[in-house]
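*Asks:*
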Amino acid sequence: AAAAGRDAPPGVPHAFPLAHACVLPVAARAVDAWLYGPDVAAALAGDPSRALRRQQLLVHFGVSRDTGFKLETAAYNRACFRGADQDGWQPVDELIDCKMPLDAPLQCRLPLDAVAAQLSSAGFDVALSTDPGRFVCNYIYYRSLQRTRALGGVWSVFVHVPHFEHVP
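Final position of the sequence shown in the working numbering is 269; the numbers increase by one with none missing.
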């Protein structure tokens, strides 16, 4: 997704041109297939024939009940869905990563406080959040942070957007 412009906060590259966009089913299996599939794998591996750019940002969006935007600062190692996903899977307190303790957090590496401040000063209703929910939103964010955390020049962020009834 297109991101920061010339006045990017410190630590955020000046621009991320939109290289790819897709809508995923609300299902953990679809998340894993996309994050570990050929397009993302090639981009993250730096395959010059398919790479997005040297510096990459994976931006994930989910709908929230809140009236403003929420920049999620962390995701947690817990798959616990209040209802079944689109594939019918409804985990209860399961590990996303079996090598990490239940509820182990992964933090976003972007300076989200500076991003939120800049967006707020531009008139957007935006806040930081430490709770990405306990549905596919947390699942995709945890998997994405896990996938990008060891790679230089690759970031991941999750943004909860207000429900359409709250958007003028």
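Quick reminder that beta carbons are idealized off the backbone N, C-alpha and C, glycines included.
These numbers were taken from a predicted model, which means no experiment stands behind them.
Can the beta-carbon of Ser230 be found closer than 9 Å to that of His267?
*Replies:* On the sequence shown, residue 230 is found 129 positions in, with the first residue counted as 1. On the sequence shown, residue 267 is found 166 positions in, with the first residue counted as 1. Not in contact: Ser230 and His267 (Cβ atoms no closer than 9 Å).
*Asks:* What three-state label does DSSP hand Phe182 in the structure shown?
*Replies:* Along the sequence shown, read from residue 1 onward, the residue named residue 182 stands at position 81. In the structure shown, Phe182 sits in coil (DSSP, three-state: anything other than H, G, I, E or B).
*Asks:* Would you grab the beta carbon distance between Pro263 and Thr168 for me? Rounded to a whole angstrom, and I think it's under 8 Å.
*Replies:* Taking the first residue of the sequence shown as position 1, residue 263 is located at position 162. Taking the first residue of the sequence shown as position 1, residue 168 is located at position 67. Yes, they are in contact, since the Cβ atoms of Pro263 and Thr168 sit about 5 Å apart, within 8 Å.
*Asks:* I need the straight-line Cα distance from Pro202 to Val160, nearest angstrom please.
*Replies:* Locating residue 202 in the sequence shown gives position 101, counting from the first residue. Locating residue 160 in the sequence shown gives position 59, counting from the first residue. If I take the Cα positions, the gap works out to 26 Å.
*Asks:* For Leu125, tell me which candidate among Arg250, Cys238, Gln219 has the shortest Cα-Cα distance.
*Replies:* For the purposes of this step, residue 125 is taken as the residue at position 24 of the sequence shown. The candidate whose alpha carbon is nearest that of Leu125 is Cys238.
*Asks:* Taking Gln187 as the reference, give the member of Ser245, Arg130, Gly254, Asn178 with the closest Cα.
*Replies:* Start at 1 with the first residue of the sequence shown, and residue 187 comes out as number 86. Checked all of Ser245, Arg130, Gly254, Asn178; the closest Cα to Gln187 is Arg130.
*Asks:* Could you compute how far the alpha carbon of Ala152 sits from the alpha carbon of Pro212?
*Replies:* Looking up residue 152 in the sequence shown gives position 51. Looking up residue 212 in the sequence shown gives position 111. Because the pLDDT at Ala152 is just 48, under 50, the model does not fix this residue reliably, and the value given afterwards should be weighed accordingly. Their backbone Cα atoms lie some 24 Å apart in a straight line.
*Asks:* Leaving out five residues before and five after Cys209 in sequence, what residues of the same chain have Cβ atoms less than 6 Å from its Cβ?
*Replies:* Counting from 1 along the sequence shown, the entry for residue 209 is found at position 108. The residues are Thr174, Val258.
*Asks:* For Leu203, report the span of its beta strand (DSSP E) as first-last.
*Replies:* Here the question's residue 203 lines up with position 102 in the sequence shown. First-last for Leu203: undefined, no H or E at that position.
*Asks:* First and last residue of the beta strand (DSSP E) that includes Val268?
*Replies:* Position 167 of the sequence shown, counting from 1, holds the residue named residue 268. Looking at the DSSP string, Val268 is not in any beta strand (DSSP E), and its letter there is neither H nor E.
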